[in-house]
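Chains as they are written, first to last, in full-length UniProt numbering: chain A, 1 to 207; chain B, 1 to 207; chain C, 1 to 207; chain D, 1 to 207.
Cβ coordinates follow ideal geometry from the N, Cα and C atoms, glycine included.
Predicted model only: the values in this text are computed from it and were never measured.
4 protein chains.
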Amino acid sequence: MALVRDSAHSENFGSKRRQILDAAYIVFSRKGFHRTTIDEIIAIADTGKGTVYNYFVNKEQLFYTLTQEISQPFEADLERAVTADTEPLDKLRRLVTLILSFYTKHGDLWRVLMHEMRGFGNDGYSHISAEMRDKYHSFFKRTIGSIEQVLTEGIATGVIRPCDTVVTAHGMFSVIAMMAFQKYVGEDAEAAAERVTETFFYGIVNK
Amino acid sequence: MALVRDSAHSENFGSKRRQILDAAYIVFSRKGFHRTTIDEIIAIADTGKGTVYNYFVNKEQLFYTLTQEISQPFEADLERAVTADTEPLDKLRRLVTLILSFYTKHGDLWRVLMHEMRGFGNDGYSHISAEMRDKYHSFFKRTIGSIEQVLTEGIATGVIRPCDTVVTAHGMFSVIAMMAFQKYVGEDAEAAAERVTETFFYGIVNK
Amino acid sequence: MALVRDSAHSENFGSKRRQILDAAYIVFSRKGFHRTTIDEIIAIADTGKGTVYNYFVNKEQLFYTLTQEISQPFEADLERAVTADTEPLDKLRRLVTLILSFYTKHGDLWRVLMHEMRGFGNDGYSHISAEMRDKYHSFFKRTIGSIEQVLTEGIATGVIRPCDTVVTAHGMFSVIAMMAFQKYVGEDAEAAAERVTETFFYGIVNK
Amino acid sequence: MALVRDSAHSENFGSKRRQILDAAYIVFSRKGFHRTTIDEIIAIADTGKGTVYNYFVNKEQLFYTLTQEISQPFEADLERAVTADTEPLDKLRRLVTLILSFYTKHGDLWRVLMHEMRGFGNDGYSHISAEMRDKYHSFFKRTIGSIEQVLTEGIATGVIRPCDTVVTAHGMFSVIAMMAFQKYVGEDAEAAAERVTETFFYGIVNK
DNA sequence: TATGAATGAGAGTTCATTCAT
DNA sequence: CATGAATGAACTCTCATTCAT
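Okay, structure coming up:
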């Protein structure tokens with residue numbers, strides 16, 4: 001269960017680090033940040049306690065690294081979708097599919113992330129935490145921002161009715177996230193995405 | 001700061017209990033379940049630590065009681081709205097306003113609730129926790145169910161286009177919750193509710 | 001083994017705190033700061049681990065409190081000796097006796113203090129440590145300063161031969177400390193003090 | 001920075017060992033025994049962690065080896081001074097100069113040694129530690145013993161007033177150590193030594 | 001020989017919970 | 001009822017030491 005990619009180098013390069021990240025993914029997803037213990041992670045990762053601290057400075061940074069690693073390819077995909085040479089409505093469909101797939105796959109972990117985000121760096125915490133929180137914030141801003149951008153583009157070309165793009169983007173995002181969290185999305189993410197976009201595009205009222 | 005209603009009994013009856021609940025509301029909302037300490041609650045409540053355990057069996061049950069107390073009048077309101085003798089679309093508007101107001105007021109606490117819900121009673125936890133989790137689940141089910149019910153009613157009377165009511169109800173709920181969480185709702189909840197319903201009713205695509 | 005004074009209030013007032021301080025005195029004296037564990041302290045103090053942290057914010061501050069408690073009456077004694085209305089040479093004898101008694105009684109702990117002093121607050125440590133270190137430094141400065149002051153006084157009145165009072169005071173202090181550390185001082189501190197002063201007097205007194 | 005002497009063998013023989021000892025000297029002097037980590041030593045020594053354990057069985061023995069290596073030439077010097085064919089008072093001057101120079105140069109490390117000495121082999125520690133502690137004790141005994149021996153010799157030849165040679169030797173030693181620790185000794189160790197001896201001589205020399 | 005990834009015993013600290021007053 | 005001193009299970013993190021390469 002290498003979440004991002006298998007190391008192409010040697011068979012064992014970074015193997016322990018990989019095992020720890022994979023185990024952390026499982027436990028954080030299942031239990032949330034606070035209920036997760038290092039002991040449980042190492043039991044699954046089959047490593048010693050100290051090994052965790054060879055690779056990550058602390059539990060928070062392990063969590064942070066994990067989410068960074070997962071989000072990076074996703075953000076690249078988003079970027080590509082937004083700058084693609086296609087119709088705004090098609091871009092929107094593509095974005096929704098991407099986001100829906102991402103949150104369907106990593107919903108449990110991301111739910112935790114979205115919750116803990118608020119806690120990090122709030123009090124007299126280390127500044128590393130404050131940094132993390134900022135990075136997390138900008139992650140969500142970028143995701144929603146990409147929707148917003150395409151909405152704006154659609155309004156400019158006239159295919160989308162003028163509206164508050166900020167609020168609408170947030171609305172679309174929240175519906176997508178909800179669908180993923182509620183496990184409404186089965187095998188076919190594309191079909192589910194279609195339902196979301198249809199609802200938003202055309203509304204629910206009979207005309 | 002009695003959140004729900006003042007005890008109708010005597011001036012002092014349950015006063016300590018009230019103080020604890022009010023303090024718990026503040027701290028849980030601000031810090032989440034795990035970061036909240038009993039010490040912080042009693043500091044604000046101006047009570048002793050033992051007093052908390054006179055009224056509540058443990059931290060979880062204090063949290064549970066708090067959320068129950070807040071949700072009950074809200075659920076009564078929902079019930080009344082659904083069974084009212086009005087048009088489905090008006091009912092829907094009324095529901096959206098109610099839910100939006102509720103989450104605007106208690107969003108911080110409810111965000112915590114929605115997160116911790118998943119943790120309660122997951123492992124070898126006490127069965128009291130499992131009970132709580134079930135009650136929490138049914139709370140959300142009832143809220144969303146009320147939307148669903150009105151959608152079904154609207155489809156039956158023909159004012160709403162046939163759709164998957166379960167998914168659509170969840171969608172509407174998630175948009176409402178998002179707007180509240182994101183603090184997009186200012187003074188005028190009614191106006192904000194209007195925007196949500198408009199979007200859902202008529203979609204975003206220019207026709 | 002209440003080191004400073006028994007609480008005059010109630011039989012049990014501060015009893016646990018007292019037990020912890022007494023136990024800490026024993027273990028710190030025997031093992032030094034780092035080799036001392038909280039577990040060992042509570043085993044002797046017959047308390048729970050958490051109790052220690054009810055009274056002291058951490059191990060360092062426990063150590064600090066302990067040394068403060070012990071040094072305060074001593075410093076008061078020094079002050080009284082310096083400002084007494086007696087001959088400089090008698091003052092010096094009195095000072096030497098006081099210091100010798102103190103270091104004979106608390107030599108093991110003070111040896112630890114003198115060593116750890118250098119470590120506290122050196123790196124990225126909490127500022128509480130830096131504060132402590134400063135207090136510790138000033139403690140030694142005051143002790144040696146009191147000797148210095150009397151030397152200066154003696155030089156002014158002509159009974160002591162002009163000399164570098166700073167160095168001489170340090171010298172006297174170190175000999176006293178050494179005698180105490182080496183357990184050369186038996187029952188009769190006064191007699192031992194006499195030996196120290198005699199040696200120094202015949203070197204520094206005008207003839 | 002070969003502290004004692006360069007290996008006379010080949011350019012590279014023991015080079016790693018040398019680097020480790022030199023680095024250990026720096027860190028132990030600065031931080032004391034417990035606060036020193038192997039990681040910090042190897043960072044300065046530019047070696048791997050395992051290499052340390054190729055040359056030294058553990059941290060304690062590394063410390064021990066370091067101090068042994070430094071003390072040996074010093075002890076040889078002392079021996080030579082004591083058995084030299086000179087006047088007792090000149091011998092004493094020579095001894096004081098030697099000791100003062102040594103503690104001025106290696107004061108920081110020796111301060112650590114003098115502190116940790118008591119901790120080694122106290123409890124259920126390995127017998128290697130107990131051995132070390134004994135060797136450390138005998139080191140100080142030899143240093144002070146050399147002073148004592150010359151004092152006795154001086155008393156026999158009548159140039160020194162009869163006194164408790166054990167206590168006096170300790171006294172002289174402690175003043176010397178103090179001067180070094182307090183960094184009172186500048187460039188000219190000889191001059192500083194003179195001050196010490198003068199003070200003592202005028203107290204202990206027959207007139 | 002040199003290395004450094006892996007390890008786990010052990011330490012300090014937190015905090016929900018209990019119970020005697 | 002109200003209290004808060006006492007408690008210890010649980011948790012994060014450190015670091016000396018090992019050992020396969």
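For D:Leu3 and A:Ser71, what's the separation of their Cα atoms in angstroms?
For the purposes of this step, residue 3 of chain D is taken as residue 3 along the fourth sequence, with counting starting at 1. For the purposes of this step, residue 71 of chain A is taken as residue 71 along the first sequence, with counting starting at 1. The predicted model places D:Leu3 with a pLDDT of 47, which falls under 50 and marks its position as unreliable, so this point remains unresolved.
Mind pulling the chain A residues with CB within less than 9 angstroms of B:Met132?
Taking the second sequence and counting its residues from 1, the one referred to as residue 132 of chain B is at position 132. In chain order: nothing, as chain A lies at least about 15 angstroms away.
For a contact defined as C-beta to C-beta under 9 angstroms, what are the partners of B:His34 on chain A?
On the second sequence, position 34 is the one that residue 34 of chain B refers to. Simply Gly32, Phe33, His34, Arg35 and Gly119.
Strictly below 8 angstroms CB to CB, what residues from chain B border A:Arg195?
Translated into the one-based positions of the first sequence, residue 195 of chain A becomes position 195. Going along chain B in sequence order, the residues near A:Arg195 (Cβ under 8 angstroms) are Asp164 and Val167.
Tell me which residues share the same chain as residue 209 of chain D and place their Cβ nearer than 7 angstroms to its Cβ, disregarding the 5 neighbours each side in the sequence.
Here chain D has residues from 1 to 207 only, and residue 209 of chain D is not among them.
Can the beta-carbon of B:Phe181 be found closer than 8 angstroms to that of B:Thr143?
The count along the second sequence starts at 1 and reaches residue 181 of chain B at position 181. The count along the second sequence starts at 1 and reaches residue 143 of chain B at position 143. Going by C-beta atoms, B:Phe181 is not nearer than 8 angstroms to B:Thr143.
Closest Cβ-Cβ distance between D:Gln182 and chain C: below 8 angstroms?
Counting from one through the fourth sequence, the residue named residue 182 of chain D turns up at place 182. Chain C contact via Cβ: present.
Is B:Thr86 close to chain A? Criterion is C-beta to C-beta, closer than 8 angstroms.
Stepping through the second sequence from its first residue, residue 86 of chain B is reached at position 86. By this cut-off, B:Thr86 is not an interface position.
State the start and end residues of the unbroken alpha helix (DSSP H) segment that holds B:Glu187.
Walking along the second sequence from the start, residue 187 of chain B turns up at place 187. Counting along the chain, B:Glu187 falls outside any alpha helix (DSSP H), and DSSP gives it neither H nor E.
Decide if C:Asp85 is buried, meaning its Cβ has at least 16 other Cβ atoms within 10 Å, or exposed.
Taking the first residue of the third sequence as position 1, residue 85 of chain C is located at position 85. Result: exposed.
Please work out which residues of its chain come closer than 6 angstroms, Cβ to Cβ, to residue 208 of chain C, disregarding the five sequence neighbours upstream and downstream, and give them in chain order.
As shown, chain C starts at 1 and ends at 207. That puts residue 208 of chain C outside it, with no answer to give.
For A:Thr47, collect the residues of the same chain with a Cβ closer than 7 angstroms to its Cβ; drop the 5 residues on either side in sequence, then sort them by chain order.
Position 47 of the first sequence holds residue 47 of chain A. For A:Thr47, where only same-chain residues beyond five positions count, the Cβ hits under 7 angstroms are Lys16, Gln19 and Ile20.
Three or more beta-carbon pairs under 8 angstroms between the region 157-176 of chain B and the region 57-67 of chain B, yes or no?
By the C-beta criterion, the region 157-176 of chain B is judged not to be in contact with the region 57-67 of chain B, since fewer than 3 inter-stretch pairs fall below 8 angstroms.
Report the option in A:Val196, A:Leu100 and A:Asn54 whose CA atom is closest to the CA atom of D:Asp39.
For the purposes of this step, residue 39 of chain D is taken as the residue at position 39 of the fourth sequence. Out of A:Val196, A:Leu100 and A:Asn54, A:Asn54 has the C-alpha closest to the C-alpha of D:Asp39.
Considering only DSSP beta bridges, list what D:Ile42 is partnered with.
As a first step, residue 42 of chain D must be located in the fourth sequence, where it is residue number 42. Residue pairing by DSSP places D:Ile42 in no beta bridge whatsoever.
Looking at chain B, is there any beta carbon in it that lies within less than 8 angstroms of the beta carbon of A:Thr199?
Position 199 of the first sequence, counted from the start, is the residue given in the question as residue 199 of chain A. At least one chain B Cβ lies under 8 angstroms of A:Thr199.
Where does residue 265 of chain D land, buried or exposed, given buried means 16+ other C-beta within 10 angstroms?
Because chain D is modelled from 1 through 207, residue 265 of chain D falls outside the range shown and cannot be assessed.
Roughly how many angstroms separate the alpha carbons of B:Pro162 and B:Glu153, rounded to a whole number?
In the second sequence, the residue the question calls residue 162 of chain B occupies position 162. In the second sequence, the residue the question calls residue 153 of chain B occupies position 153. Their backbone Cα atoms lie some 11 angstroms apart in a straight line.
With distances taken Cα to Cα, identify the nearest neighbour of A:Val175 among B:Lys105, B:Phe200 and B:Ser29.
Within the first sequence, residue 175 of chain A is the residue found at index 175, counting from 1. Closest by alpha carbon: B:Phe200.
For chain D, check one thing: does any of its Cβ atoms lie closer than 8 angstroms to the Cβ of residue 289 of chain C?
Absent from the model: residue 289 of chain C. The displayed extent of chain C is 1 to 207, so no value can be given.
Would you call the CB atoms of A:Ala189 and A:Thr97 closer than 8 angstroms?
Counting from one through the first sequence, the residue named residue 189 of chain A turns up at place 189. Counting from one through the first sequence, the residue named residue 97 of chain A turns up at place 97. Result yes, Cβ atoms of A:Ala189 and A:Thr97 sit closer than 8 angstroms.
From residue 208 of chain C to D:Ser138, what distance separates their C-alpha atoms?
The first residue shown for chain C is 1 and the last is 207, placing residue 208 of chain C beyond what the model contains.
Taking the C-alpha atoms as reference points, what is the distance between B:His170 and A:Met178?
In the second sequence, the residue the question calls residue 170 of chain B occupies position 170. In the first sequence, the residue the question calls residue 178 of chain A occupies position 178. Distance between the alpha carbons of B:His170 and A:Met178 is about 7 angstroms.
Using a Cβ-Cβ cutoff of less than 8 angstroms, which residues in the same chain neighbour C:Thr65 once the five nearest sequence positions on both sides are dropped?
Mapped onto the third sequence, residue 65 of chain C falls at position 65. The answer, listed in chain order, is Leu21 and Phe56.
Consider the Cβ of A:His137: report whether some Cβ of chain B lies at a distance smaller than 8 angstroms.
The residue labelled residue 137 of chain A in the question sits at position 137 within the first sequence. No, A:His137 lies away from the interface with chain B (no Cβ there is under 8 angstroms from its Cβ).
Applying a beta-carbon distance threshold of less than 9 angstroms, which residues of chain A neighbour B:Val175?
Counted from its first residue, the second sequence places residue 175 of chain B at position 175. Those within 9 angstroms of B:Val175 in chain A are His170, Gly171, Met172, Ser174, Val175 and Met178.
Measuring CB to CB, does B:His34 end up less than 8 angstroms from A:His115?
Position 34 of the second sequence, counting from 1, holds the residue named residue 34 of chain B. Position 115 of the first sequence, counting from 1, holds the residue named residue 115 of chain A. No, these two residues do not count as a Cβ contact at 8 angstroms.
Beta carbon of A:Lys49, beta carbon of A:Ile42: below 8 angstroms?
As a first step, residue 49 of chain A must be located in the first sequence, where it is residue number 49. As a first step, residue 42 of chain A must be located in the first sequence, where it is residue number 42. Yes, the Cβ-Cβ distance between A:Lys49 and A:Ile42 is below 8 angstroms.
Label A:Ala193 either buried or exposed according to how many other C-beta atoms from any shown protein chain fall within 10 Å of its C-beta, with 16 as the threshold for buried.
Here residue 193 of chain A corresponds to residue number 193 of the first sequence, with the count starting at 1. Flag for A:Ala193 reads buried.
Do you know how far the Cα of D:Val166 is from the Cα of C:Glu198?
Locating residue 198 of chain C in the third sequence gives position 198, where the first residue counts as 1. Locating residue 166 of chain D in the fourth sequence gives position 166, where the first residue counts as 1. Roughly 16 angstroms separates the two Cα atoms.
Would you kindly work out how many angstroms separate the C-alpha atoms of B:Ala76 and B:Arg133, rounded to a whole number?
Within the second sequence, residue 76 of chain B is the residue found at index 76, counting from 1. Within the second sequence, residue 133 of chain B is the residue found at index 133, counting from 1. Distance between B:Ala76 and B:Arg133, taken at the CA atoms: about 21 angstroms.
Span of the alpha helix (DSSP H) holding A:Ala177?
The residue given as residue 177 of chain A occupies position 177 in the first sequence. Where A:Ala177 is concerned, the enclosing alpha helix (DSSP H) stretches over Thr165 to Phe181.
Tell whether a beta-carbon distance below 8 angstroms holds between D:Leu78 and D:Val185.
Along the fourth sequence, read from residue 1 onward, the residue named residue 78 of chain D stands at position 78. Along the fourth sequence, read from residue 1 onward, the residue named residue 185 of chain D stands at position 185. No; because the gap between Cβ atoms is not below 8 angstroms, this pair is not in contact.
Taking B:Phe102 and B:Phe74 to be in contact with their CB atoms under 8 angstroms, please state how far apart those CB atoms are, rounded to whole angstroms.
For the purposes of this step, residue 102 of chain B is identified with residue 102 of the second sequence, where counting begins at 1. For the purposes of this step, residue 74 of chain B is identified with residue 74 of the second sequence, where counting begins at 1. The Cβ separation is near 5 angstroms, so the contact holds.
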